[in-house]
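S.K.: Those sequence lines, one after another, are chains R and Y. Under our numbering, think of the first position of the first sequence as 237, with each following residue one higher. Under our numbering, think of the first position of the second sequence as -7, with each following residue one higher. We treat Cβ as the ideally placed atom computed from N, Cα and C, and that holds for glycine.
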Amino acid sequence: MLHAAFLMPLFPLAGFVVLLAFGRRIGEPFAGWIGTAAIAGSFVSACVTLAGLAGRSSAARSLTCSVSCGTAAQPHAFFTWISVGGLHVKAAILLDPLSMTMCMFVTGVSMLIHLYSVGYMKGDRDFTKFFVYLNAFVFSMLVLVLANNLLVTFVGWEGVGVCSYWLVAFWFHRDSAASAGKKAFIYNRIGDVGFLLAMFLIFSKTGTLTYVSVFAHRHLLSGGGTATAAVLLLFLAATGKSAQIPLFNWLPDAMEGPTPVSALIHAATMVTAGVYLLCRVNPLLALSPDAMWVIAAIGGATAFVAATIACAQQDIKKALAFSTVSQIGYMVLAVGTGAYVAAIFLMVCHACYKGLLFLGAGSVIHGLEDEQDMQRMGGLRRVMPWTFVTFLTAWLALAAIPPFSGFWAKGDILTNVYGKSLPLYALGLLTAFFTAYYMSRVFFLTFTGRERWRETAPDGRPPHHSPHEAPWAMRAPLVILAFFAVFAGAVNLPWVHVGTLDTWLGPVFGSRLFAAHQSAGAQVGLALGDAVVAIAAVLVAWRLWRRSATRPALEPAFLRRVWYWDNVYDAAIGRPGQALARAYAVVVDARVIDGAVNGAARLVRSTATGVRRVQTGYVRNYVLGIALGMAAILAFMLSRTWWS
Amino acid sequence: MSTHAFPYLTVLILLPAGGALGVALLGARRHVARAVVEWVGIAVSLATLGLAVVVAALFATTTGGFQFVSDHRWASGLGVHWQLGVNGISLFLVLLAAILFPIALVGARTRTDAPSFVAWMLLLECACIGSFVSIDLILFFFFFELTLVPSYFIISGWGYARRAYAAVKFFVYTFLGSAFLLVGILVVAFIHKDQTGVLTFSLPALEHTHFSSAGEILLFLAFTAAFAVKAPIFPFHTWSPDAYAEAPTGGSMILSAVLAKLGTYGILQFDLRLFPQASVDLAPLMLTLAVVGIIYGAIVACAQRDLKRLVAYSSLAQMGFIALGTFAFTTQGLTGGVLLMLNHGLITAALFLLIGWIYERRQTWQVSELRGLQAPAPVLAGVFTVVMLASIGLPGLNGFVSEFLVLSGTFLTHRWWAVVATAGVVLAALYLLWAYQQVFHGKVDLANSRTRDLSWAERVVIAPLILVIVFLGVYPKPVLDRITPTVNSLVAQVDSATRTTEPPVARLGVNGTLPRRVRT
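1) Per the DSSP calculation, glutamine 480 of chain R is bridged to which residue(s)?
2) Leaving out five residues before and five after arginine 155 of chain Y in sequence, what residues of the same chain have Cβ atoms less than 7 Å from its Cβ?
3) Whether or not the stretch 315 to 331 of chain Y and the stretch 349 to 357 of chain Y are in contact is what I'm after, with contact meaning three or more pairs of Cβ atoms, one per stretch, closer than 8 Å; do they touch?
4) Counting only runs of 3+ residues fully inside the stretch 529 to 564 of chain R, write out the beta strand (DSSP E) ranges in chain order.
5) Inspect the CB distances between the stretch 461 to 477 of chain R and the stretch 520 to 533 of chain R and report whether three or more fall short of 8 Å.
6) Check each residue of the stretch 767 to 791 of chain R: if its Cβ is closer than 8 Å to any Cβ of chain Y, include it; give the result in chain order.
7) Using Cβ-Cβ distances below 9 Å, what residues of the stretch 445 to 478 of chain Y are close to chain R?
8) Reducing DSSP to helix, strand and coil, say where threonine 845 of chain R ends up.
9) Assuming cysteine 588 of chain R and alanine 724 of chain R form a contact by the criterion Cβ under 8 Å, report the distance between their Cβ atoms to the nearest whole angstrom.
10) Are the stretch 123 to 134 of chain Y and the stretch 73 to 84 of chain Y touching, with three or more C-beta to C-beta distances below 8 Å?
11) Which residues bound the beta strand (DSSP E) around leucine 365 of chain Y?
12) Tell me which residues share the same chain as leucine 472 of chain R and place their Cβ nearer than 6 Å to its Cβ, disregarding the 5 neighbours each side in the sequence.
13) So isoleucine 318 of chain R contacts chain Y; which residues on that side make the cut at Cβ distance below 9 Å?
14) Flag this pair as touching only if the stretch 594 to 610 of chain R and the stretch 655 to 675 of chain R have three or more C-beta atom pairs under 8 Å; answer yes or no.
15) Cα separation between lysine 646 of chain R and isoleucine 461 of chain Y?
16) Can you tell me whether histidine 200 of chain Y is buried or exposed, with buried defined as 16 or more other CB within 10 angstroms of its CB?
17) Identify, in the order they occur along the chain, each residue of the same chain with its Cβ nearer than 7 Å to the Cβ of leucine 247 of chain Y, setting aside the five sequence neighbours on each side.
18) Mind listing the chain R neighbours of cysteine 294 of chain Y? Cutoff is C-beta to C-beta under 7 Å, in chain order.
19) Span of the alpha helix (DSSP H) holding phenylalanine 319 of chain Y?
20) Would asparagine 424 of chain R and glycine 397 of chain R be called neighbours here (beta carbons separated by less than 7 Å)?
21) Under 8 Å Cβ to Cβ from leucine 255 of chain R, same chain only, skipping five residues before and after it: list those, please.
22) Span of the beta strand (DSSP E) holding leucine 63 of chain Y?
23) Using only CA atoms, which one of R:Phe408, R:His701 and R:Val511 lies nearest to valine 431 of chain Y?
24) Could you tell me which residues DSSP puts in a beta bridge with serine 440 of chain R?
25) Does any C-beta atom of chain R lie closer than 7 Å to the C-beta of glutamine 324 of chain Y?
26) Would you mind sorting leucine 289 of chain R into buried or exposed? The rule is 16 or more other CB atoms within 10 Å of its CB.
27) Hey, how far is the Cα of phenylalanine 252 of chain R from the Cα of alanine 276 of chain R?
28) Strictly by DSSP, which residues pair up with tryptophan 74 of chain Y?
29) Consider the Cβ of alanine 421 of chain Y: report whether some Cβ of chain R lies at a distance smaller than 7 Å.
30) From what residue to what residue does the beta strand (DSSP E) around alanine 522 of chain R run?
31) In this structure, what does DSSP give as the bridge partners for lysine 326 of chain R?
32) According to the neighbour-count rule (16 or more other Cβ atoms, all chains shown, within 10 Å of its Cβ), is glutamine 814 of chain R buried or exposed?
33) Hey, does isoleucine 422 of chain R have any beta-carbon neighbour from chain Y nearer than 7 Å?
34) Among R:Leu523, R:Arg361 and R:His502, which residue has its Cα nearest to the Cα of valine 450 of chain R?
35) Counting only beta-carbon atoms, is alanine 252 of chain Y nearer than 7 Å to chain R?
36) Ends of the alpha helix (DSSP H) at glutamine 269 of chain Y?
Set out below in structure tokens:
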């Protein structure tokens, strides 16, 4: 049954190839159905593989064993990709509970969002191309997750990056979309430098890039700060992909892409790849407590900063984007704490409820003819009952209201952070307040209060007339995801100790897992604290935003303009960089280097008084001279060959 | 050295030479239609390609030495031989030339005086292949210089506005470099004659010449002067943007993809073998020039507003990567450098071809005048995207494999050079994505909205390049298997000549990390 693991990436690859070759002839909507079916195939393979893996004893699921099985009974390698000297890289699969968990939610959520897209992208000029990109994305994501070595992970890593570029810039006739796509790619590239350097460093010390061998030889990395450097370089890559400080500001711009893309790539799957990477290399993280502190601090800071920004956004998708940044900040904080299971737990729950929030937002945007400004929404609960109810569950899940999934996942993280550092715990709790507050604000502005879409906007845009509920292809994914947004927390309830995510992922993270060492009483106390904070924040938001749509005092420019982050980058790097490039091109290259060459030529010409003729004629004769001379030499030599 | 009964390499050189002659004679006759002449030329280049493919298929992966050797003595007094052979370093350059010439002839036809153009191109093909397979230094020099003649006439005859200036600059600059090379070759041969009493120009024989350390450095610099100009390596590059920009499309393709490789090929095949000690001693200098070229080329490319010049400067950066891998002196670095010569050739030729097609449609390379082309020409945009991503180094396409090998190999011996060079990866994305956005994205205006998409003929021409770019990204093994034996012997040669060794992980991987067992 483990052979089905091969099929997981092959289904979307086949879908990609078929749609690329025949997509235009197949046309709408069948191209969409083919794309969806490919991912469904992938999901079924994942389920079969999961059954196979779960059927084994917990020790036989662990990382080393799955590879030794790979070499003996089941060759889990497609082919040798690169083999030069001591560097051997195979296109091979590493199947363990961690990659399996990732595959399950990646294929599951992708399948639902493909289905949703069939409805959402209806009538788009490039309907089939959308599914080409989407299938390519799922393929790359599965390569990223299933790779058995760093370099093949990097293939998927870059693959999802380029798919993200294509999909953000999908409506390329809009300049903002084109720029956002480019920005996303370049920010990720900066992170990729970290990934590349980490691989060079790890290869130079251990002579391999295969996860299992690297971990087996990890003692070679200890000492001299090597492990810290390697981990921090990988973390740089993670900050790019997972939109953390200092590389987070591409994600809000990426909302220029179609909403299903925002849900799939920029909320549920791709942006969590950085967290996955860090969890994957957890044995290396264990070598460097310093790096772990950096990771935890950056995660906590990102969670807080992004949550404050989300409180002041007017665009529903931008608010959700900053929420994503903040939530991934929590996951990174968990990784830095050593609470890997908690990070994965939040990742799975977040994929469900944040995917749902985006799909709900998409349904609203779809119903209001591409309106994204929350000032122009309000009171939609009567017009869009399905969207309203499902969005409501996702809101409560994200706000971490018990017993919705977010409460358990975030509680797990905060309990662990409490054991590591009180200041970080305080920051996390404060962020939790802001989280519940901004999400409630979004919910109230969108679904309750006055029906502002009936009015003419202050800037003169006409009212919307007939907001409508989405078609069934869009509603079905909403309902399924809502179910998981409510109940996903059940996979890892704190008082259950059999068959949970903890025990399932245990073999991957092994003894390094930082169990929460608090007493039962302390755990209950912490959980109560979380719940109280969340409920208080919801009540505050209810008082503030239930009826009014604008409160300038609570939306300062500092927050609306993202702490002026883009402006600082532009002033510090962007503009000086452009000036430098121009200076190099116009002054250094044209005047200095080329000037020296031309100057030398002029000097020669002025001294050689005999050569007064036009330069071109002169050289032309010269060339002919060489040609004739060469021909003569050639003829001479050929004659010698034949007659000697 | 293995030999075959059939003189493959001699035929590989003479076939295009004969073709050039035939086309020139045919073209001189009035009653022969131009198209017939062109197709004769294309047929000859395709036959050359067929033969090159046979050579690559018969190439043995078990030896690092020269294969398909043919050796005929000429003027015995002069010591010059018609000595040809290929090894893992030259094989794929021959193949590259053989692939690109037919594509350039079909894809980038000229409107004026086609017979002469085709004849010059075939002569250029003869000279390029001749340079790559000559292992007699005088014969190499002969072909190396011969490339100048057709390139000069192609630039000055079929180029664009500033073609005269560009052609002269190209010619004088590279010709000056070669003067050093000729002197260097003669000195090496005469030193060898002093030591052995035999006057020969054969590379395998000259490898065993001993030089004084100062003399070796001077000779290395003399050889490298010619090769650094040809490649070009920073700061000897200023002829290249002018030449690439002013040459006709076919000329730009061949100049940047094949001719430029003569420089890096010369360094790999001749400098490293003849002067291993000087190469290792001067490696920090060469690595620094390489890294500066990578960063500098990329930064200047960011400021270009003309597509052809942008690609020219990106080429400078890529040549820097080749030099970087070469002077890292590790198995990965050298293999990556050789592979990158092939990959860069394929990518840059495809870029110049596509840019030439854009020019055919819009009569401009100015980024400011192009906009939103993806809407009227989606296939062109898609093909351009693939080539652009290969150039950026996206894994799964060919550029990445070579770039990764070069950088990881460099990191083993010269860590900080590799770190700086890796930053060039970001810059490449910066200028190429910027250019793509300006040209293909945005709302299309009236002038650009009538841009024709690729015709079926054009798709057939570009398809082989795209297929190879994808194939070599996914499965580079057939190429790597043919390069590695030669690189291994080269590394061994350098190691034994300089009494140094590359880091054990480069050769042994994870086993190289084990503590050495002392033999008792």
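M.R.: To lay it out plainly:
1) Position 244 of the first sequence, counted from the first residue, corresponds to residue 480 of chain R. BP columns for glutamine 480 of chain R are empty, so no partner.
2) Residue mapping note: residue 155 of chain Y aligns to position 163 of the second sequence, counting from 1. Here the set comprises Ile147, Ser148 and Glu238.
3) The stretch 349 to 357 of chain Y, when compared against the stretch 315 to 331 of chain Y, does not touch it at the 8 Å Cβ threshold.
4) none
5) yes
6) none
7) Val466, Tyr467, Pro468, Lys469, Leu472, Asp473, Ile475 and Thr476
8) For the purposes of this step, residue 845 of chain R is taken as residue 609 along the first sequence, with counting starting at 1. Low confidence applies to threonine 845 of chain R: its pLDDT is 48, below 50, so where it sits in the model is not reliable, and the reading given next is rough at best. In the three-state scheme derived from DSSP, where H, G and I count as helix and E and B as strand, threonine 845 of chain R is classed as coil.
9) Reading the first sequence from its first residue, position 352 is the one you call residue 588 of chain R. Reading the first sequence from its first residue, position 488 is the one you call residue 724 of chain R. Confirmed, about 5 Å.
10) yes
11) Translated into positions along the second sequence, residue 365 of chain Y becomes position 373. Premise fails: leucine 365 of chain Y is in no beta strand (DSSP E) and is neither H nor E.
12) Residue mapping note: residue 472 of chain R aligns to position 236 of the first sequence, counting from 1. The answer, listed in chain order, is Gly427 and Gly430.
13) Mapped onto the first sequence, residue 318 of chain R falls at position 82. Ordered by position in chain Y, the residues that pass the 9 Å Cβ test against isoleucine 318 of chain R are Val393, Phe396, Leu397, Pro468, Lys469 and Leu472.
14) no
15) On the first sequence, residue 646 of chain R is found 410 positions in, with the first residue counted as 1. On the second sequence, residue 461 of chain Y is found 469 positions in, with the first residue counted as 1. Taking the straight line from one Cα to the other gives about 46 Å.
16) Locating residue 200 of chain Y in the second sequence gives position 208, counting from the first residue. When all chains shown are included, histidine 200 of chain Y counts as exposed.
17) Locating residue 247 of chain Y in the second sequence gives position 255, where the first residue counts as 1. Closer than 7 Å at the Cβ level, and outside the excluded window around leucine 247 of chain Y, lie Ser143, Ala235, Tyr236 and Ala239.
18) The count along the second sequence starts at 1 and reaches residue 294 of chain Y at position 302. Neighbours of cysteine 294 of chain Y on chain R, chain order: Ala817.
19) Position 327 of the second sequence holds residue 319 of chain Y. Segment 299 to 320, the alpha helix (DSSP H) holding phenylalanine 319 of chain Y.
20) Sequence index remark: in the first sequence, residue 424 of chain R carries index 188 (1-based). Sequence index remark: in the first sequence, residue 397 of chain R carries index 161 (1-based). Yes, these two residues count as a Cβ contact at 7 Å.
21) In the first sequence, residue 255 of chain R corresponds to position 19, counting from 1. Around leucine 255 of chain R: Ile262, Ala267, Ile270, Gly271, Thr364, Phe367, Val368 and Asn371.
22) Counting from one through the second sequence, the residue named residue 63 of chain Y turns up at place 71. According to the sequence as given, residue 63 of chain Y is aspartate; it is not leucine. 59 to 65 is the extent of the beta strand (DSSP E) around aspartate 63 of chain Y.
23) Translated into the one-based positions of the second sequence, residue 431 of chain Y becomes position 439. Considering only alpha carbons, the answer is R:Phe408.
24) Along the first sequence, read from residue 1 onward, the residue named residue 440 of chain R stands at position 204. Serine 440 of chain R pairs with nothing; no bridge assigned.
25) Position 332 of the second sequence holds residue 324 of chain Y. Yes - at least one Cβ of chain R is within 7 Å of the one on glutamine 324 of chain Y.
26) Numbered from its first residue, the first sequence carries residue 289 of chain R at position 53. The residue in question, leucine 289 of chain R, is buried, as its Cβ has 16 or more Cβ neighbours within 10 Å.
27) Stepping through the first sequence from its first residue, residue 252 of chain R is reached at position 16. Stepping through the first sequence from its first residue, residue 276 of chain R is reached at position 40. Between the alpha carbons of phenylalanine 252 of chain R and alanine 276 of chain R lies a gap of roughly 14 Å.
28) One-based indexing of the second sequence puts residue 74 of chain Y at position 82. Looking at the DSSP assignment, tryptophan 74 of chain Y forms a beta bridge with Y:His64.
29) Stepping through the second sequence from its first residue, residue 421 of chain Y is reached at position 429. Judged by the 7 Å Cβ criterion, alanine 421 of chain Y is in contact with chain R.
30) Start at 1 with the first residue of the first sequence, and residue 522 of chain R comes out as number 286. First-last for alanine 522 of chain R: undefined, no H or E at that position.
31) Along the first sequence, read from residue 1 onward, the residue named residue 326 of chain R stands at position 90. Partner(s): R:Thr316.
32) One-based indexing of the first sequence puts residue 814 of chain R at position 578. Flag for glutamine 814 of chain R reads exposed.
33) Here the question's residue 422 of chain R lines up with position 186 in the first sequence. Interface residue, yes.
34) Taking the first sequence and counting its residues from 1, the one referred to as residue 450 of chain R is at position 214. For valine 450 of chain R, the nearest C-alpha among the options comes from R:Leu523.
35) For this step, residue 252 of chain Y is matched to residue 260 along the second sequence. Chain R, which has no Cβ nearer than 7 Å to the Cβ of alanine 252 of chain Y, makes this no.
36) One-based indexing of the second sequence puts residue 269 of chain Y at position 277. Run containing glutamine 269 of chain Y: 268 to 273, per the alpha helix (DSSP H) assignment.
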